[in-house]
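One structure below.
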Amino acid sequence: MDLPKYDLHCHSTASDGSLDPMDLIEKARQKKIKVLAITDHDTLKGVEPFLGKDLDGVQLIAGTELTCVWNKRMLHIIGLGMDVNSQKLQGYLDSLSELRTARARKIADQLMTMGLPDIFLAAKEKAGGGVIGRPHFAKVMLEQGLVTSEQQAFKKYLGIGKKGDVKMEWPSLEEAVSVIHGAGGVSILAHPTKYKMTFTKLRLVIRGFVDVGGKGIEVSYPGMTPDHHFQLLRIAKENDLMLSAGSDFHTPGNTWTDLGKYPPLKSNENHVLNALLQ
248 MDLPKYDLHC
258 HSTASDGSLD
268 PMDLIEKARQ
278 KKIKVLAITD
288 HDTLKGVEPF
298 LGKDLDGVQL
308 IAGTELTCVW
318 NKRMLHIIGL
328 GMDVNSQKLQ
338 GYLDSLSELR
348 TARARKIADQ
358 LMTMGLPDIF
368 LAAKEKAGGG
378 VIGRPHFAKV
388 MLEQGLVTSE
398 QQAFKKYLGI
408 GKKGDVKMEW
418 PSLEEAVSVI
428 HGAGGVSILA
438 HPTKYKMTFT
448 KLRLVIRGFV
458 DVGGKGIEVS
468 YPGMTPDHHF
478 QLLRIAKEND
488 LMLSAGSDFH
498 TPGNTWTDLG
508 KYPPLKSNEN
518 HVLNALLQ
């Protein structure tokens with residue numbers, strides 16, 4: 248079937264995006280995107296208020312991007328088309344929110360050991376009721392004149408290996424996939440080539456994903472090479488996985504991505520939208 252213009256991976260202010268959900272939907276409308284999945288990290292707060300509403304030509308799909316681990320490696324699993332009223336799903340997300348809040352408190356404490364003021368409440372307010380992450384701390388640090396840019400905040404305080412890089416005990420891959428399917432959704436392995444591993448190791452990850460019931464993978468997103476795209480299409484076919492694509496859009500002004508911008512798929516065969524739009 249011919250598919251409408253779509254983007255199945257983007258973020259709002261409910262997690263680490265810079266546009267609020269309504270502005271994101273308006274941007275989709277301007278880009279003539281007909282089907283949009285807002286996939287904020289570990290929350291449905293960005294998409295929930297708008298489901299079932301007339302959005303002037305934009306069909307919204309319930310989505311989230313769940314953080315999990317497999318063999319000590321962090322992965323992101325996108326859930327699409329879930330029942331947002333699922334008690335199991337809501338309980339799972341509530342527990343993740345509590346974990347993220349506790350982690351944010353630890354981040355603030357670590358920053359204080361470096362001479363910074365306590366910015367926990369400011370970061371929490373910046374999250375606006377969504378999940379609190381390091382990008383919110385970076386924004387507060389910039390606003391308070393503690394750094395000259397958000398990039399400097401990560402380079403000096405929040406990036407990998409820095410004081411503010413507080414680790415979390417994430418749920419397992421199996422738990423993430425199970426909760427998505429339990430809520431009637433489809434599980435998608437997000438941006439496989441961004442995990443910085445060889446294709447030999449990536450095949451093992453995808454095999455592990457399939458073994459716990461994973462249903463699809465992203466095969467088109469910004470920053471990938473044509474060879475990556477070809478390899479992922481082949482792996483998807485070998486494992487009978489549905490195809491998905493999205494921009495992973497976070498903020499306007501990035502030269503490497505924009506809402507609805509990703510390499511086009513040459514075929515819509517076995518595309519996840521064929522299942523979601525039935």
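Each number in my numbering comes from the position in the sequence shown (counting from 1) with 247 added on.
Ideal Cβ placement from N, Cα and C applies to all residues, glycine included.
The model shown is predicted, which means the values in this text are computed figures rather than measured ones.
Straight through space, the alpha carbons of L255 and G328 are spaced by roughly 11 Å. The beta carbon of Y339 lies closer than 7 Å to those of V426 in the same chain, with the five residues before and after it left out. Contact between the stretch 386 to 395 and the stretch 270 to 285 is absent, with fewer than three C-beta pairs closer than 8 Å. Within the DSSP bridge table, the entry for H288 names E312 as partners.
Contact check for D263 and H497: beta-carbon distance about 6 Å, within the 8 Å limit, so the pair qualifies. V433 is positioned such that its CB atom lies closer than 8 Å to that of M489. Distance from the CA atom of G326 to the CA atom of T311, rounded to whole angstroms, is 5 Å.
Here the stretch 465 to 479 makes no contact with the stretch 351 to 365; the two share fewer than three CB pairs at distances below 8 Å. Taking the Cα of A430 as reference, the smallest distance to any Cα among Q337, R320 and D301 is reached at Q337.
Nearest C-alpha to V316 among R481, A492, V424 and D287: V424.
Secondary-structure assignment with DSSP links D254 through a beta bridge to L283. By the beta-carbon neighbour count (other beta carbons within 10 angstroms, threshold 16), M471 is buried.
Residue range R320 to L327 is occupied by the beta strand (DSSP E) that includes G326. As DSSP reads the structure, I464 sits in a beta bridge with L436 and L490.
Taking a cut-off of 8 Å for Cβ pairs, the stretch 441 to 461 and the stretch 474 to 490 touch, as three or more such pairs fall below it. According to the DSSP secondary-structure assignment, H518 is paired through a beta bridge with L490.
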